[in-house]
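Protein chains in written order, with this note's numbering: chain A, 5 to 222; chain B, 2 to 371. Even for Gly, the Cβ is constructed at its ideal location relative to N, Cα and C. Here's the structure we're looking at; comments come further down.
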């Protein structure tokens, strides 16, 4: 109740409402009303122009396209960050190529995103950085549940624990991984918590009962 | 009688932790030993796993903000900065200059506080008891500034998406400058105790060597990478929050051993003081909050934003599906990634060096396990 009343009296709802639906109008209203927050008011009109991914046009992108052809589906830039979407079996060759030819010698992170409604359920994301060129690239690929992507440990040693965590949280098994065990959860835990169909209150009841001696961890 | 017992084997498996004062939290390390020599290790982690990334998917963008403080809890301000910058990037807004300067001051102050915890406990592990009291004495002064600013000492939740919630208090600049003046002589004091101390040097030099190539292979960042001679710091390489305006050095060393990492961190604290002084000078009156809608609903998209946390590169990969809750928040934790190199660093060394090496990586288990 208090929350609903508060904006009614103050001059903010016009800005706030407009800011959500149409940033341009919100900014105009804000600039007209108050002078001090000028730099802040000037910022919002930008979003609509840059909020869509644009084609990533660079020598590296052309180079990769020439080399991998059809196996690279998309090369884009979003908010100044470059990424490419590749076929699952092309990921390791791309990482290798980028490491050896493009100086992308630092694998920052491997992670996954679960999209249960898509036919290829998981999106695997590899974030790379090049010390020599001070540049980041993301390599993404979409895989179906049960598909076993190749492990990147042979290219970057750091992939070892990162892939173990992806396995632990999403149940994605990496083929050729030297030591694919759970890393954060207990080894005999059932279920993969970062999948979208795993509720936030869900837990492995049997594990909790047997190991903690209590009925529920809630 | 059994035909052979474990005593016949030359290999001894020794369990260290999870409850052990030198593992800096609940870390379990299984050591394979041949006498005093370490053949290999296996880290068992996850005791502090709270599912932070899952929680993020069930909170709004603003609600999740305080949770990030609980990862690297000795550097909560850095965690908050990384998260706020990531969401600001998704929204395509930038914090106003005054907010950026305050952020820099508090983050550098937090870097000092974090390095002080490292120095005190690291020295304690090696057997030097005095430094920990000195370090915590000075850290207290830093925490007082946090407390005066936002009411919390450890899990500060100092920043908001778009800037700051609170204007600085009366005397903030004075207190920060007083801290800077007070602190530099104290660093000399610590160095007097340790830098040329023969026992300290003897326990640290040529211990846990990780060269530049290995660092890159393992994705190791932060002071560990810089001690191996790689002049790389996210604050310089890809500046954020106005770091490009400040003059500071990236301290590096060549050997990549435990002693060099000690020297690098000591110099980093001096550089932090240098940055804080410049930031206080830059602190001009102005707005502290960018124009961010009350209900944060970033457009569909994804970003990866990283900062130089005291432990290394702390990154946030955030995916938005256009709703009020993040679709996915991935934290790239420096402690987790750096800890992976422990095996390489201790292999072939002595069992007594294991605690020195765990200390020198500077891990916080809250961040390793999340």
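Short Cβ contact (8 Å threshold) for residue i with residue j
i	j	result
residue 87/B	residue 338/B	no
residue 273/B	residue 154/B	no
residue 59/B	residue 84/B	no
residue 335/B	residue 230/B	no
residue 205/B	residue 258/B	yes
residue 169/A	residue 147/A	no
residue 291/B	residue 164/B	yes
residue 74/B	residue 367/B	yes
residue 176/B	residue 146/B	yes
residue 160/A	residue 111/A	yes
residue 101/B	residue 242/B	yes
residue 55/B	residue 216/A	no
residue 276/B	residue 247/B	yes
residue 33/B	residue 45/B	no
residue 211/B	residue 345/B	yes
residue 114/A	residue 163/A	yes
residue 150/B	residue 159/B	yes
residue 105/B	residue 174/B	no
residue 76/A	residue 57/A	no
residue 333/B	residue 314/B	yes
residue 99/B	residue 327/B	no
residue 86/A	residue 141/A	yes
residue 71/B	residue 156/B	yes
For residue i, three-class secondary structure by DSSP
i	result
residue 88/B	helix
residue 19/B	coil
residue 31/B	strand
residue 284/B	coil
residue 70/B	helix
residue 123/A	coil
residue 127/B	helix
residue 298/B	coil
residue 328/B	coil
residue 303/B	strand
residue 248/B	coil
residue 378/B	Outside the displayed span of chain B (2 to 371) sits residue 378/B, for which this structure offers no information.
residue 113/A	strand
residue 6/A	At residue 6/A, the pLDDT of 40 sits below 50, so the modelled position is not reliable; the number obtained from the coordinates is stated separately. Residue state, collapsed to three classes: helix.
residue 207/A	coil
residue 97/A	helix
residue 254/B	coil
residue 278/B	helix
residue 38/B	strand
residue 214/A	helix
residue 102/B	helix
residue 192/A	coil
residue 315/B	strand
residue 79/A	strand
Per-residue contacts from residue i into chain B (C-beta, under 7 Å)
i	result
residue 164/A	341
residue 85/A	304 and 305
residue 198/A	54 and 55
residue 109/A	217
Chain A contact residues for residue i, given Cβ-Cβ distances below 7 Å
i	result
residue 370/B	188
residue 246/B	Within 7 Å Cβ-Cβ: nothing; residue 246/B doesn't reach chain A, min ~16 Å.
residue 329/B	117
residue 41/B	Those within 7 Å of residue 41/B in chain A number zero; the least Cβ separation is about 12 Å.
Chain A residues whose Cβ lies nearer than 9 Å to that of residue i
i	result
residue 198/B	Result: empty, since nearest Cβ-Cβ is about 34 Å, beyond 9 Å.
residue 338/B	112, 113, 162, 165 and 166
residue 239/B	138 and 140
residue 47/B	172, 186, 187, 188, 189 and 190
residue 283/B	Ordered by position in chain A, no residue passes the 9 Å Cβ test against residue 283/B, which lies about 15 Å from the chain.
residue 33/B	Correct list: empty, because the minimum Cβ distance to chain A is about 15 Å.
residue 312/B	Residues of chain A passing the Cβ test: none, with the nearest at roughly 14 Å.
Per-residue contacts from residue i into chain B (C-beta, under 8 Å)
i	result
residue 61/A	None at all; the shortest Cβ gap to chain B is about 19 Å.
residue 135/A	217, 231 and 233
residue 82/A	302, 303 and 304
residue 131/A	305, 316, 318 and 333
Beta-carbon neighbours of residue i, restricted to chain A and to distances below 8 Å
i	result
residue 101/B	Residues of chain A passing the Cβ test: none, with the nearest at roughly 11 Å.
residue 145/B	Per Cβ cutoff of 8 Å: no residues; residue 145/B is ~31 Å from chain A at best.
Partner residues on chain B for residue i, Cβ-Cβ distance less than 9 Å
i	result
residue 69/A	Result: empty, since nearest Cβ-Cβ is about 22 Å, beyond 9 Å.
residue 204/A	52, 55, 56, 58 and 59
Residue-chain proximity (residue i, chain E), Cβ-Cβ < 8 Å
i	result
residue 117/A	The displayed structure is made up of protein chains A and B, and chain E is not among them.
Beta-carbon separation (whole angstroms), residue i vs residue j, contact threshold 8 Å
i	j	result
residue 180/B	residue 129/B	That pair is no contact at about 24 Å.
Practice task
Please list the segments of the beta strand (DSSP E) lying wholly inside the region 127 to 166 of chain A, counting only runs of 3 or more residues, in order along the chain.
Solution key: Qualifying beta strand (DSSP E) stretches, in chain order: 139 to 147.
Exercise for the section: Mind listing, in chain order, the continuous alpha helix (DSSP H) runs of no fewer than 4 residues lying wholly within the region 194 to 222 of chain B? Expected result: 199 to 205 and 213 to 219
Exercise for the section: Taking only runs that begin and end inside the region 115 to 185 of chain B, name each unbroken alpha helix (DSSP H) of 4 or more residues, in chain order. Expected result: 131 to 151
Practice task
At 4 residues or longer, and completely inside the region 334 to 364 of chain B: list those alpha helix (DSSP H) runs for me, N to C.
Solution key: 335 to 340, 343 to 347 and 354 to 362
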